[in-house]
Amino acid sequence: MLEELEALLSQARDAIIQAPDLSALEKVRIRLLGRKGELTSLLRRMNQLPPDQRPLVGQRANAVKEELEQLLTHREDELKNRALAARLQAEALDVTLPGRAFTLGHTHPLTLVLEEIERVFLGLGFSVVEGPEVELDWYNFEALNIPKDHPARDMQDTFFITEEILLRTHTSPVQVRVLERLAPRLPVKVIAPGKVYRRDDDATHSPMFHQIEGLAVDRHIRFSDLKGILLTFAQEIFGGGTRLRFRPSYFPFTEPSAEVDISCVICGGEGCRVCKGTGWLEILGAGMVHPRVLEVSGYDTSTCRGFAFGLGIERVAMLKYGINDLRLFFGNDWRFLSQF
Ligand code: FA5
6 MLEELEALLS
16 QARDAIIQAP
26 DLSALEKVRI
36 RLLGRKGELT
46 SLLRRMNQLP
56 PDQRPLVGQR
66 ANAVKEELEQ
76 LLTHREDELK
86 NRALAARLQA
96 EALDVTLPGR
106 AFTLGHTHPL
116 TLVLEEIERV
126 FLGLGFSVVE
136 GPEVELDWYN
146 FEALNIPKDH
156 PARDMQDTFF
166 ITEEILLRTH
176 TSPVQVRVLE
186 RLAPRLPVKV
196 IAPGKVYRRD
206 DDATHSPMFH
216 QIEGLAVDRH
226 IRFSDLKGIL
236 LTFAQEIFGG
246 GTRLRFRPSY
256 FPFTEPSAEV
266 DISCVICGGE
276 GCRVCKGTGW
286 LEILGAGMVH
296 PRVLEVSGYD
306 TSTCRGFAFG
316 LGIERVAMLK
326 YGINDLRLFF
336 GNDWRFLSQF
């Protein structure tokens, strides 16, 4: 039995040293020392030996077992180290390479202008409200004195979802929504920014653009309040020397109505290419809220009056930054956007 032990040991040594990886080594361990392993079965047969030989064989068997365990542990360490070294080699990082530059996004120029305008009106005591972009014909047209056969509809053709539901053509419907919600409380002082849609498409007209509606209703609101508020707005946004010009105009939902121009931001009013020699640039429409608009919304026109205005945010941004094509705002061209 001693010879058998020696033979097992020498075979096992070779097997352990030659095990190519950890899973092969584990198989060798089970084959030798497992419950049905070679050494284990050999030891089981010890009771067949004459009693006087047993201690000697037993001693040697223990020594063989110990040696096998040591060899296995040693080989296991070796294989683990080798695997780690291979992994380190494969996943090597060159920490001396320069990092990949990554560019940080920033606020879109239209959002910058919107935030600036909002700051001005918040400072004047206005709150910011919003209305739906998908709007009822009633709010977008009817409640604003634009019935189905009114020619003013031609200037604001839009995308209809059904006969009565459309993409709003301006932010003016928010006037009616706000008044309905607040009636008969006074004062009302809100601005309503948002997207609007029209059947337009050229360098200064986009099918989707942004407006800001302004609305103030109170007991003693006068046209001069509108002028004062708009002058403050224009001077805050375009600079202290900016002047305003009111031209008589027509909107079905204001009376009287005006188109409002600012003195040209390029030439200061002298006349240049941008203002086409006139010295003035149109930026918004405005007027005193038509009494019927107040009445359909639940206000008593014997006790209150209001003014309203609507300006195009793209127009303001174009003038402020000297941009000549409105479509640049929506082209997502990084070379354009990164200038702001
Ligand atoms: C209106 O939309 C009225 N709701 C404004 C108003 C509000 C008047 C309250 C009275 C009281 P208008 O269609 O003129 O008016 O548009 C207002 C502004 O939106 C214009 O001055 C212009 O700056 C901008 N605008 C109009 N159409 C486009 C377009 N297709 N693309 C970009 N901006 C536009």
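With the working numbering applied, the sequence shown corresponds to residues 6 to 345, in that order.
Beta carbons: idealized from backbone N, C-alpha and C, even for Gly.
A quick note: this is a predicted structure, and the numbers were derived from the prediction, not measured.
With 16 as the cutoff for other CB atoms within 10 Å, does residue i come out buried or exposed?
i	result
residue 145	buried
residue 93	exposed
residue 221	buried
residue 175	buried
residue 180	buried
residue 178	buried
residue 51	exposed
residue 302	buried
residue 127	exposed
residue 262	buried
residue 80	buried
residue 363	No answer is possible for residue 363: it lies beyond the span of the chain, which begins at 6 and ends at 345.
residue 66	buried
Check whether the Cβ of residue i sits closer than 7 Å to any heavy atom of ligand 3, and report yes or no.
i	result
residue 235	In terms of ligand content, the structure shown lacks ligand 3 and carries ligand 1 instead.
My assumption, with CB atoms under 8 Å, is that residue i sits in contact with residue j. Please give the rounded CB distance.
i	j	result
residue 235	residue 197	The Cβ separation is near 16 Å, so there is no contact.
residue 5	residue 49	Because the chain in this structure spans residues 6 to 345, residue 5 falls outside the shown range and cannot be described.
residue 150	residue 258	5 Å
residue 84	residue 30	6 Å
residue 279	residue 271	4 Å
residue 3	residue 309	The structure shown does not extend to residue 3, since the chain is modelled only from 6 to 345, so the question has no answer here.
residue 152	residue 334	With 8 Å as the limit, residue 152 and residue 334 do not qualify as a contact, their Cβ atoms being about 34 Å apart.
residue 239	residue 231	The pair is not a contact, with the Cβ atoms about 12 Å apart (cut-off 8 Å).
residue 54	residue 45	Incorrect: roughly 16 Å between the Cβ atoms, too far for contact.
residue 163	residue 203	6 Å
residue 9	residue 47	6 Å
residue 331	residue 211	5 Å
residue 117	residue 256	About 29 Å separates the two Cβ atoms, so there is no contact after all.
residue 293	residue 260	6 Å
residue 6	residue 69	Going by Cβ atoms, the distance from residue 6 to residue 69 rounds to 11 Å, so no, they are not a contact pair.
residue 304	residue 184	6 Å
residue 274	residue 284	4 Å
Classify residue i as helix, strand or coil using the three-state DSSP reduction.
i	result
residue 116	helix
residue 221	strand
residue 341	helix
residue 261	strand
residue 234	helix
residue 109	coil
residue 334	helix
residue 323	helix
residue 278	coil
residue 242	helix
residue 310	strand
residue 317	strand
residue 128	helix
residue 296	helix
residue 268	strand
residue 302	coil
residue 135	coil
residue 328	coil
residue 288	strand
*Determine, using beta-carbon pairs with one atom in the region 9–24 and one in the region 60–80, whether at least three such pairs fall under 8 Å.*
yes
*Between the region 156–166 and the region 182–200, do at least 3 Cβ pairs fall closer than 8 Å?*
no
*Please confirm if the region 130–140 is in contact with the region 167–178, defined as three or more CB-CB distances below 8 Å between the two stretches.*
yes
*Would the region 90–106 and the region 120–136 be scored as touching if the rule is three or more Cβ pairs under 8 Å?*
no
*Per the contact definition of three or more C-beta pairs closer than 8 Å, is the region 310–324 in contact with the region 212–224?*
yes
*For the 8 Å Cβ check, are there 3 or more pairs between the region 230–247 and the region 315–333?*
yes
*At what residue ranges does the region 141–216 contain a whole run of the alpha helix (DSSP H), taking only runs of 4 or more?*
142–145 and 178–187
_Cβ pair count under 8 Å reaching 3, the region 264–279 against the region 297–313_ = no
*With a floor of 4 residues, list each alpha helix (DSSP H) that falls wholly inside the region 8–96, ordered by position along the chain.*
27–38, 43–49 and 59–95
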